[in-house]
Each structure stands twice: as structure tokens, then as C-alpha cells.
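Protein sequence lines correspond, in order, to chains W and X.
For the first sequence, the working numbering assigns the number 27 to the initial residue and increments by one for each residue that follows.
For the second sequence, the working numbering assigns the number 646 to the initial residue and increments by one for each residue that follows.
Heads up: the structure comes next, in C-alpha cells.
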Amino acid sequence: MSWLDRDSEGQLDQEEIVLDNAALVESLVSGDLDARAAFYDAYGGYVERLLARVLGPDPEIEDLLHDVFVEALANIGQLRDPARLKGWLTRMTVFVARGTIRRRRRHRWLIFLPSEELPVQTSSSPPPEALDLLERVYGILRSLRPNHRIAFSLRYIQGMTLSEAAEASGVSLATFKRWLSGSDEAFLKRAERSDYALYETLLETPRWGPRHD
Amino acid sequence: MTERLENLGAEVARVQDETLADDRRRASVRRRLLTGSASARPRAPWKSWRPALGFAAACAAAAAVLLSWPSTPEPVGYRVDDGAELNATDEPIVASNDQALSVTFSDDSWIRLTPGSRAHISELTSVGASVTLENGEATVYVRHRKETRWSVQAGPFLVRVTGTRFRVGWSASSQTFELDVFEGNVEARGPKMEGRIVRDGGTMRITLQPEPAPEPTDLDAEPLPPPPSPPVHRSPDPATHADAPSYRPPGPAPAVAPAAKQLEPSRAETSTPEPPEPEVSEESLTDPEPEPTPPALAPAPAAGPTWEELFSEGEHEKALAILGPEQVEEAIWRGDSKDLIDLGAAARRTGDARAGYIYSAVRSRFPGTVAAANAAFLLARMEFHTGRLREAATWMETYLRERPDGRFAREAAGRLVEAYQQVGDESLARIAAERYLARYPNGPHAELARSVLQ
């Protein structure tokens, strides 16, 4: 809670109690450190999760998480409607993730072992078969075009609606649907070619349960 | 098929959430964001890239050499308050006795001199500057970059920094050097003290024994003519400042003015007769790394908690009770804006005269922030309740100028109408009333504003 939320003078109005997005954005624009902390505390986990959805297990997530907030803090003055703070941040996160994917594709000629394939140290320990699922799914996603990869991640893994995902991607709904259609087809084709077990399971046996979140 | 893909995605998300449960990564980024390294971006070590990157780096370096040859990097420039950018060195920079003075550099570093302090820039390079603090106190923030070389000379002491925030003080009269490091590390050197690293949270206070005054050799000799005086950069006179409101903001009350702390030598220090060379007496020298206990310049009560502990527990009234004049200075320079606002509020509640000083310190230490603007509003409210309506109005104007859409804006605008009306300044009351009604036609002061306009 910000100090502004506290009735330190005993005369503050009710409207002063809640640190809403408008006040948060205003404080961020002025460079207030407390606001920066509140902003990060409110959205850090969400941004990290979204990056993980798009990029999968990745040694660069920490830096990208940092980058998203640096970008956001540098550009917060351009946010016209504070009520759309989360959507704006989502779009920025997707933008940073897409930039990373594109950068890596451009630099593939430099890579002897793709950085995404470097072993990632995870502090918690899901069962090996669960981690294996991550590796297999993202192994296929890495081979897709960036836009297809983003469409697949936002729609199926993050579970966004089509319109939310389109907005997060910064494209029209029609464009996003085209991306998604392309990603479905490309994912299945790639699975059929490189991970037939996954492909078969996906087609034949609905082993994956309903959404947990 | 879409449903199957959704189920697959949901399972992937569930596994990911397990791997993301650990919050150390988030905590690490939080530290980076909040400790001023928001622009630095250390990359993951991609060992597999090294050979190719080495080749690319060699090409890039060669290209960089070709492109940059023979140009030389520009030295950093600086501005004194809102003045023009300067590149001159050795020009005195003097903060007036009632106002702090900011010096901002083109590399985003800044220095804030407390009222009455005096300094000059001794050197400007492409990677930093050397600043000499002649007397008084300065809070210094140095933006860390790939290569940063900054130093502050305070009397015979030299503080070297690469990227940090700290406060340094030098009293020429008492020969006392003080250093509080808020972020990062600095290296301090001085008489009988080789490079000593002072880390984040560390403090240092050293008083030199005074050297004997030189005997006059020739009383009849003509005094030397004074050297040509270079231009002096001073704190803007609030009365003539272009950006001032309709009348100048009140200086803090004399008892609460954020004046430079006078560092008086102790009786024991000054009574020592003529040492052969300056003696160093370390009154306080703390470094948090070797010693886990928090640095404390202020002697805390033997059994009770320190003010720092009380701050962290939100017990600002209790903290206020144990803060003597020296400790309150310490608290003001060490506390964050939230602590200081709360401390000021505690002072107000208990009728402590230091409330205004504390709010003034918020404005001095955190200029341009929401906290500073809110401190102006709280000062206004204090003045209003004590009947100093002119001063209250000026602080309200200050708040409204700094945060026209701030959360106290409506109350400030309304109180402004009240204040002008009560002091009988009809024209300003009308202006304030018009402004209020244009913005808050249904606000709580709307009726008063309309009555003013009738």
C-alpha cells in the first residue's frame, strides 16, 4: 500500500484511499520509486508468465522481464488511458517477446547451439514428463514463424480470447485469425514431421485435461 | 482440433506455472528496477556464441574505430537549476541560505546542494566529472554506465564513484567530513586513510584536528589583490524567479529551514594542542558488509529500538520521540519519501515543530516527484490551520502548478479560494474561484466560489 493510501492526516477523502491506475500512472510519470515498486509488484508476475507462454523455457526471461518494465517505465507518459494499463503492458510484453524471437531468427547463422536450447535452470521441479512436454511443444513452436508462434501461445497457452489476443498482438481480429489458422496448420505439420508421438497423441488421444486456470 | 490444442495449451500453462512458482527471478528484476539500474541490461552468458560473436565483435570494433577516428567524445555538460548548459569548470556554485540548488549533468547524474553549501566543478570528461565540495552538504546521484569516472573532493577527502547515490558533507570550519552511501559503493580517501570502500548503507564521519593558524609573517605587507571573480551560480532568488507563482513560496519557518547542518567540533577535538599533522578521529565509520548491524550515526537508547527499526515498523511517533536534532537530520537524509511524509504527519499529530522541516526536506530531497508535490500540499494545509493564509495559498499554488491533476488538486483549489478570500485579496480570490468552478462546478467549494464571484 502506498503512503498515499493511508490517512496520515486524518482528513483525506475517500477517493484518495485507493491507489488506482490513474494515480499509479501519474506517479510513474513523475518517476516516483514507490509507484515503480507498486507497478512491478502488481504486474511483474503477469508479465513473467506471459513471456514464458510465448517463449517457453528460456534463459533470457529475467532480462526480458526487466526490459519490458524498462520500456514500460520509459514510455508510460504515452499511455493515454490509465484504465488500459494492463492491456498496454500486455502489448508491450508481446512486442518485446516478438522482437526477441525475430532477433534470434536473424542471428541464426551465428548460433552454434541456439540459446533457447541451452539447459534452463528451473528452481522448482515439475516431474520430468511435464518438463518433457514443455520441451516438445516449444521445440515445435520455435520452428514456426514468429507471428504463428505468438498466435498459438496467446490463444492456446495463455488462453486469451481471439479479440484479447489480437489486441495484445497489435493486429486486427481478422489478421489474428489468419495467424492462428496458419499456426494450427504449421504446428500440426511440424509435429507430424518431427514429433510423431505428440502429433498422434494430439490427434488420437485427448490425454490433456481441461484448463486449470 | 481447436479443443485439443486448447487442452494442450492448458497443460503447458499448468506446467509453466509450477516452474514460475519460485519468485527469485522476479525479486532479482525488482531489485534491478528499483536500484536505478533500470537502463542497464546484463545479458545471459551465451557461451555457445563466443567464437562467432568474437569475430563479429572484432568486425564491429574495427568499424567503430574507423567511424570514430579521429573524433573525440564530448565531455559531459551541466546545468545549475534550470539554467543554460555549461561546460565551464572552477566556477563557484553557491546555494543560498534558504534554498537548495540542483546541478544536473548531461549523463543524467545530478548533485543537490543543501542551502548554504558551496561547490565547483573541477573537471568535466566524457565519462564523468570531478566536483569539489567546498563547504556544506551535497546529495549526489551518479548514473552508472559502461565507463563512469566521477569523484567528489570534500576538503582533503576524495570520494570516487562509478554509479551510486550518496550524501557527502564537508564543514571547513569544523574540518568534519561525512559520507552516507544510499546505493552502490564508493571509495573514500583522505588524510591517514587509504582507499576505503563504503558500501550501500555505510556511513562515515571523520573530524580532523584543526591545524594551528599560521603566524602572520609581515603585518605591514600589502594584502594581495583578490583574484578576478568568476561568475557565481547561485540558487535562484525566489522573489525574482520567473517560474514563481503570483507571490513567492514561503521559505520554511526559521526553525524548520532545511539549512546545511553545522558540524561543530567537539570540545575534546578542538582542545588538542597543535598536532604535527592532521589527526583523524573516526567518530563513526560503519560498513554494512563486514558488520551486519545497521550503521548508526545516532546513538540509540541503550535498550530501546533505533529510529530505523521504528521506521520500518511504522512507529513514526515513537521514532520522533527519540530523534534529537542530529538524529532527525540523519533520519531525514536516510528515510525514503514515504517515511518522511509519515514522520511529518507524526510530527503534526504530536504538535512537533519539526513537521514543516520534514515536509520541506521531502521537497528538497525528492524534487519533481509526487511526494514533493504532496509535501507542498501538506505544508499548505499546515499553514492554513495555523492561520498563515498567504503562505498556505502559495503552497497551494505550488501544489497546483506541480500536480494540476493530482489527487489533492480539488482540495487545494478550494482551499486557495478560501485563503485568498480570508486575507481579503479580492482579485486573487476571484481568479481562484473562476479556476475552481471551471474545473469543479459541483465540488465542495463551489458554493463559496460562486459567492466570491457575486
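Glycine included, each C-beta is placed from N, C-alpha and C at the ideal position.
TODO: For Gly-241(W), decide whether its Cβ has a neighbour in chain X, counting only Cβ atoms nearer than 8 angstroms.
DONE: Outside the shown range of chain W, which is 27 to 239, sits residue 241(W), and nothing can be said about it.
TODO: Kindly indicate which three-state DSSP category Asn-47(W) falls into: helix, strand or coil?
DONE: Looking at Asn-47(W) - three-state DSSP - the assignment turns out to be helix.
TODO: Check the DSSP bridge columns for Asp-825(X) and list the partner residues they point to.
DONE: The partner list for Asp-825(X) (beta bridge, DSSP) reads Arg-812(X), Thr-848(X).
Task: Alpha carbon of Asp-67(W) to alpha carbon of Asn-173(W), nearest angstrom - done: Rounded to the nearest angstrom, the two C-alpha atoms are 29 angstroms apart.
Open item on the list: I'd like to check one pair, Val-1097(X) with Val-1062(X): are the Cβ atoms closer than 8 angstroms?
Closed with: A contact, by the Cβ cut-off of 8 angstroms.
Open item on the list: Could you check whether the stretch 182–201 of chain W touches the stretch 89–106 of chain W, counting it as contact only if at least three pairs of C-beta atoms, one from each stretch, sit closer than 8 angstroms?
Closed with: Contact between the stretch 182–201 of chain W and the stretch 89–106 of chain W is absent, because fewer than three Cβ pairs lie under 8 angstroms.
Open item on the list: Can you tell me whether Thr-664(X) is helix, strand or coil according to DSSP?
Closed with: Secondary structure of Thr-664(X) (DSSP, three-state): helix.
- [ ] Measure the C-alpha to C-alpha separation of Glu-719(X) and Trp-815(X) and round it to an integer number of angstroms.
- [x] The straight-line gap separating the alpha-carbon atoms of Glu-719(X) and Trp-815(X) is approximately 31 angstroms.
Open item on the list: Taking CB distances under 8 angstroms as the criterion, tell me whether Val-51(W) reaches chain X.
Closed with: Val-51(W) does not count as touching chain X.
Open item on the list: Run through chain W and tell me which residues come within less than 7 angstroms of Thr-1014(X), C-beta to C-beta.
Closed with: Chain-order list of chain W residues neighbouring Thr-1014(X): Ser-56, Gly-57, Asp-58, by C-beta distance under 7 angstroms.
Open item on the list: Let me confirm a value: His-1090(X) is counted as buried when at least 16 other C-beta atoms fall within 10 Å, else exposed. Which label applies?
Closed with: It counts as buried.
- [ ] Please go through the same chain and pick out, in chain order, the residues whose beta-carbon is closer than 6 angstroms to the beta-carbon of Ala-217(W), but skip the five residues on each side of it.
- [x] Take Ala-217(W), set aside five residues on each side of it, and the residues of its chain with a beta-carbon closer than 6 angstroms to its own are Ile-166, Leu-224, Tyr-225, in chain order.
Open item on the list: Am I right that Gly-1088(X) and Gly-1059(X) are in contact with their C-beta atoms under 8 angstroms? What's the rounded C-beta distance?
Closed with: Correct: roughly 6 angstroms between the Cβ atoms.
Task: Glu-4(W) in three-state terms, based on DSSP - done: Here chain W has residues from 27 to 239 only, and residue 4(W) is not among them.
TODO: Helix, strand or coil for Val-1068(X), going by three-state DSSP, please let me know.
DONE: DSSP places Val-1068(X) in coil when its eight states are reduced to three.
- [ ] Say whether chain W places a C-beta atom closer than 8 angstroms to the C-beta of Arg-850(X).
- [x] Not flagged as an interface residue toward chain W: Arg-850(X), since no C-beta distance is shorter than 8 angstroms.
TODO: Can you tell me which of the three DSSP states Glu-782(X) falls into?
DONE: Three-state DSSP puts Glu-782(X) in a strand.
TODO: Examine chain X for any beta-carbon lying closer than 8 angstroms to the beta-carbon of Glu-218(W), and answer yes or no.
DONE: For Glu-218(W), the answer is no, since every Cβ of chain X falls outside 8 angstroms of its Cβ.
Task: Glu-218(W) (DSSP reduced to helix, strand or coil) - done: Three-state result, Glu-218(W): helix.
Task: Burial state of Arg-763(X) (16 or more Cβ within 10 Å) - done: In this structure Arg-763(X) is buried. Its beta-carbon is surrounded by 16 or more other beta-carbon atoms within 10 angstroms.
- [ ] Could you please give me the residues that DSSP links to Ser-796(X) through a beta bridge?
- [x] In the DSSP output, where bridge partners are listed per residue, Ser-796(X) has Ser-775(X), Arg-805(X).
Task: Chain-ordered chain X contacts of Ile-70(W) [CB-CB under 8 angstroms] - done: The sequence shown places Gly at residue 70(W), rather than the Ile named in the question. Chain order gives the chain X residues near Gly-70(W) as Arg-671, Val-674, Arg-675, where near means a beta carbon separation below 8 angstroms.
Open item on the list: Given a cut-off of 8 angstroms on the beta-carbon distance, is the pair Gln-798(X) and Ser-767(X) in contact?
Closed with: Going by C-beta atoms, Gln-798(X) is nearer than 8 angstroms to Ser-767(X).
Task: Range of the contiguous alpha helix (DSSP H) that encloses Val-674(X) - done: Run containing Val-674(X): 669–679, per the alpha helix (DSSP H) assignment.
- [ ] Label Asn-742(X) either buried or exposed according to how many other C-beta atoms from any shown protein chain fall within 10 Å of its C-beta, with 16 as the threshold for buried.
- [x] So Asn-742(X) ends up on the exposed side.
Open item on the list: For a cutoff of 8 angstroms on Cβ pairs, would you count Val-80(W) as touching chain X?
Closed with: For Val-80(W), no Cβ of chain X is located within less than 8 angstroms of the residue's own Cβ.
- [ ] Examine chain W for any beta-carbon lying closer than 8 angstroms to the beta-carbon of Glu-651(X), and answer yes or no.
- [x] Yes, Glu-651(X) counts as interfacial toward chain W.
Open item on the list: What does the alpha-carbon distance come out to for the pair Arg-794(X) and Ala-774(X)?
Closed with: Rounded to the nearest whole angstrom, the C-alpha separation of Arg-794(X) and Ala-774(X) is 7 angstroms.
- [ ] Compile a chain-ordered list of the residues in the stretch 757–777 of chain X whose CB is closer than 7 angstroms to at least one CB of chain W.
- [x] Those would be none; no residue qualifies.
Open item on the list: Report the CB separation of Thr-116(W) from Leu-76(W) in whole angstroms; it is logged as a contact under 8 angstroms.
Closed with: Contact holds; Cβ gap of about 7 angstroms.
Task: Short CB-CB distance (under 8 angstroms) between Ser-982(X) and chain W - done: Answer yes: the Cβ-Cβ gap between Ser-982(X) and chain W drops below 8 angstroms somewhere.
Task: Arg-676(X) classed as buried or exposed, judged by whether at least 16 other C-beta atoms fall within 10 angstroms - done: Flag for Arg-676(X) reads exposed.
TODO: Return no unless some Cβ of chain W is closer than 8 angstroms to the Cβ of Leu-968(X).
DONE: Leu-968(X) has a beta carbon lying at 8 angstroms or more from every beta carbon in chain W.
Task: Through-space distance from Ala-194(W) to Trp-114(W), alpha-carbon basis - done: Approximately 8 angstroms, taken between the alpha carbons.
TODO: Assuming Phe-95(W) and Leu-678(X) form a contact by the criterion Cβ under 8 angstroms, report the distance between their Cβ atoms to the nearest whole angstrom.
DONE: For a cut-off of 8 angstroms, the C-beta gap from Phe-95(W) to Leu-678(X) is around 6 angstroms, short enough to register as a contact.
- [ ] Give the range of the alpha helix (DSSP H) segment to which Leu-77(W) is assigned.
- [x] Run containing Leu-77(W): 59–81, per the alpha helix (DSSP H) assignment.
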